[in-house]
Amino acid sequence: MTDVPDTLHLTVQHLRPGLAIATVAGDMDTRTADSLRRKASEIIEEGCPHLILDLAQVRFCDSAGLSALIGLWHAAQAAGGALGLADVPDRLMRMLVLTGVDAVLPVHATAAEALTTMTNGPSTSTADRSGAQSP
53 MTDVPDTLHL
63 TVQHLRPGLA
73 IATVAGDMDT
83 RTADSLRRKA
93 SEIIEEGCPH
103 LILDLAQVRF
113 CDSAGLSALI
123 GLWHAAQAAG
133 GALGLADVPD
143 RLMRMLVLTG
153 VDAVLPVHAT
163 AAEALTTMTN
173 GPSTSTADRS
183 GAQSP
């Protein structure tokens, strides 16, 4: 487990070459966002450009945490990969929707769903958490 200062922990599982799941636990805020960005960027740069962030254990996220997620999305794209979010807590999901970030960052109900999508490619439509279909 990689400890990030204060109240954030990052646990990484390498699934296959180029693909990893990072479980994020704790708070994604002004105290921890830079460390989260740095640690997850290292995963991408060290050969895992396809990264799934399992956010089920995130207790709190502020704008700095949101900025870190966007920065990681850019890093994954620049490395020829993709960033997927999984098990996003309701409060964070509302933040993603209100800011429009959910239109950019792929959000999956579970890490298994994210893994399937990132392994097989996206489907022609995706379901949001309410079950409504979007193009």
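Quick note on my numbering: the sequence shown kicks off at 53 and runs consecutively. The beta carbon of each residue, even a glycine, is placed where N, CA and C say it ideally should be.
Short of 6 Å from the beta carbon of A108, and not among the five residues preceding or following it, lie these beta carbons of its own chain, in chain order: D139. For D86, there is no enclosing beta strand (DSSP E); the enclosing alpha helix (DSSP H) covers residues A85 to E97. V64: member of the beta strand (DSSP E) spanning L60 to R68, first to last residue.
In the DSSP annotation of this structure, the continuous segment of the beta strand (DSSP E) that includes A74 starts and ends at L71 to M80.
Under DSSP, L150 takes part in no beta bridge, so it has no partner. Taking each of S119, T169, C113 and V153 in turn and checking the Cα distance to T59, the smallest one comes out for C113.
Nearest C-alpha to K91 among G123, G136 and S115: G123.
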